[in-house]
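Participant: Here the sequence shown is numbered in my numbering, starting from 3 and rising by one per residue. C-beta: ideal position from N, C-alpha, C; glycine also. The model shown is predicted, which means the values in this text are computed figures rather than measured ones. Can you keep this structure in mind? I'll have questions shortly.
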Amino acid sequence: MKTFTLDEILTLYKKKDPTELFKAAWDTTTANHGESVYLRGLVEFTNKCVINCQYCGIRRDNKNVNRYSLESETIVDVCLDGFNKGLRTFVLQGGEDRDISVKDICQTVKDIKRKTDNEAAITLSFGSRTLDEYKLMKDSGVDRYLLRFETSDQELYYRLRGMPLADRLKNLEDIRTAGLQVGSGYMTGLPGESEETRINNALLSRDLELDMVGIGPFIPSDETPLAGSVQEPIDYAIKGTALLRLLLPKAHIPATTAAGSLKPTGREDMIKAGANVLMPNLTPVSVKKDYLLYPGKICLDETGTQCIGCMSMRVKSVGRKINFSRADALRLMNGKI
Ligand code: SF4
């Protein structure tokens with residue numbers, strides 16, 4: 003399998019015609035992950051958030067959101083239902099809801115683990131937490147934590163989130179220190195972002211040695227201060243996926259829902275550019291429409307089962323195969339984490 007130097011990767015990335023870049027990314031994915039596209043069941047368990055990110059539809063100051071948080075029993079039942087359908091990885095995702103304690107969500111994770119004989123892998127994602135809290139998660143059976151850094155541009159980060167990027171990076175370091183697999187990611191097409199930013203985003207992901215990393219194209223929401231911003235092309239996210247794949251051959255890279263929302267075949271395009279994960283949305287249909295980080299989000303009326311069926315067809319259409327296994331970080335599987 004050919005490995006690429008940084009110079010070669012950037013030369014490929016900067017070519018006007020991305021055909022060679024995508025081919026290299028596809029081959030690199032096949033060499034490291036085979037034909038598989040792994041499924042991870044997503045449960046959006048709370049849309050409450052104390053943070054006010056400029057780009058986010060469920061930001062604190064958006065009063066036009068019907069706020070919800072799922073009961074622990076509901077989260078467990080949703081995961082068990084997915085488990086019975088074959089899924090072995092679940093991502094419990096929410097805003098920074100300070101009404102739900104880390105202890106409570108850890109208890110929910112313990113219940114899922116017990117009821118699945120410890121077979122299900124759990125990723126948590128609900129904002130910045132302390133090192134002690136990450137350690138508590140690890141001790142409670144949480145396998146992975148997902149915290150996107152959103153942009154590598156310090157000034158842009160501060161403008162969008164009102165806090166320093168360095169704090170976010172320290173969080174990511176703490177997640178690793180606690181022994182959790184580390185997931186992160188960023189947006190492309192943010193107002194004020196440059197091509198240099200997009201390259202630096204991928205280089206930062208490489209430097210952080212992320213186990214999982216995803217790109218979401220920015221989609222402006224009317225309910226945010228960034229309403230009316232230019233919708234940049236999805237190509238940034240697709241080419242970015244290929245760049246990430248070449249820089250991080252072993253990482254798990256999702257084909258994101260935001261890409262599918264911006265373009266009907268956005269997720270297929272991401273898979274063709276090196277993504278190897280899809281996330282069927284298991285969130286109960288009754289609240290799915292209330293977890294709107296951006297407008298035009300797809301699959302709001304579909305059940306988790308329908309999502310799995312749809313994704314299976316999409317994956318087949320690009321010559322890959324659905325895989326239901328846990329898909330831990332490759333370095334964990336090599337015993338090195
Ligand atoms: S992006 Fe996350 S932290 Fe920021 S407002 Fe939205 S839910 Fe809250």
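Give a single yes or no on whether G97 has its beta carbon closer than 7 Å to a heavy atom of the ligand SF4.
Facilitator: Within the cutoff, so yes.
Participant: Could you check what DSSP says for G306 in three-state terms: helix, strand or coil?
Facilitator: G306: helix per DSSP, three-state reduction.
Participant: Nearest to E73 by alpha carbon, out of F47, A277, C81, L8?
Facilitator: Checked all of F47, A277, C81, L8; the closest Cα to E73 is F47.
Participant: Mapping DSSP to helix, strand and coil, what is L72?
Facilitator: DSSP places L72 in coil when its eight states are reduced to three.
Participant: Out of curiosity, what's the CA-to-CA distance linking K274 and L89?
Facilitator: Looking at the two C-alpha atoms, the distance is approximately 23 Å.
Participant: Do you know whose CA, among R100, S142, R333, K65, lies nearest D213's CA?
Facilitator: Of the listed residues, the one whose Cα sits closest to D213 is R333.
Participant: Among Q56, L245, K112, which residue has its Cα nearest to the Cα of C81?
Facilitator: C81 has its Cα closest to that of K112, out of Q56, L245, K112.
Participant: Determine, using beta carbons only, whether F326 and L41 come nearer to each other than 8 Å.
Facilitator: In contact: F326 and L41 (Cβ atoms closer than 8 Å).
Participant: Please state if the CB of G164 and the CB of N54 are separated by a distance shorter than 8 Å.
Facilitator: Yes, Cβ-Cβ distance for N54 and G164 is below 8 Å.
Participant: Which residues in the same chain as F6 place their Cβ atom closer than 6 Å to its Cβ, once the five residues preceding and following it in sequence are excluded?
Facilitator: Only L248 meet the Cβ criterion.
Participant: At a threshold of 7 Å, does R61 count as lining the ligand SF4 (C-beta to nearest heavy atom)?
Facilitator: Under cutoff, so the answer is yes.
Participant: Use the C-beta contact count for Q156: other C-beta atoms within 10 angstroms, 16 or more gives buried, fewer gives exposed.
Facilitator: Exposed is the call here.
Participant: For the stretch 185 to 193 against the stretch 219 to 233, are there 3 or more C-beta pairs whose distance is under 8 Å?
Facilitator: The stretch 185 to 193 vs the stretch 219 to 233: in contact.
Participant: Assuming A204 contacts G242 under a Cβ cut-off of 8 Å, what Cβ separation, rounded to an integer in Å, is found between them?
Facilitator: So it is a contact: roughly 6 Å between Cβ atoms.
Participant: According to DSSP, is N202 part of a helix, a strand, or is it coil?
Facilitator: N202 falls in the helix class under three-state DSSP.
Participant: To the nearest angstrom, how far is it from the Cα of V232 to the Cα of E197?
Facilitator: For V232 and E197, the distance between alpha carbons rounds to 16 Å.
Participant: At what residues does the beta strand (DSSP E) containing I11 begin and finish?
Facilitator: Not the beta strand (DSSP E): I11 falls in the alpha helix (DSSP H), residues 8 to 16.
Participant: Alpha carbons only, please: which of Y159, G276, Y57, S314 is nearest the one belonging to L246?
Facilitator: If we check each option's Cα against that of L246, G276 comes out closest.
Participant: Give me the DSSP bridge partner(s) of L280.
Facilitator: Paired residues: L41.
Participant: Ends of the alpha helix (DSSP H) at P115?
Facilitator: The question names Pro, but residue 115 in the sequence shown is Lys. Where K115 is concerned, the enclosing alpha helix (DSSP H) stretches over 104 to 117.
Participant: Are the Cβ atoms of A253 and G218 separated by less than 8 Å?
Facilitator: Not closer than 8 Å, so no.
Participant: With 16 other CB atoms within 10 Å as the buried threshold, where does M139 fall?
Facilitator: So M139 counts as buried.
Participant: Inspect the beta-carbon positions of R208 and L167 and report whether they are closer than 8 Å.
Facilitator: Contact flag unset, no.
Participant: Cα-Cα, which of T32, L228, F85, D29 is closest to R161?
Facilitator: Comparing Cα positions, the closest option is L228.
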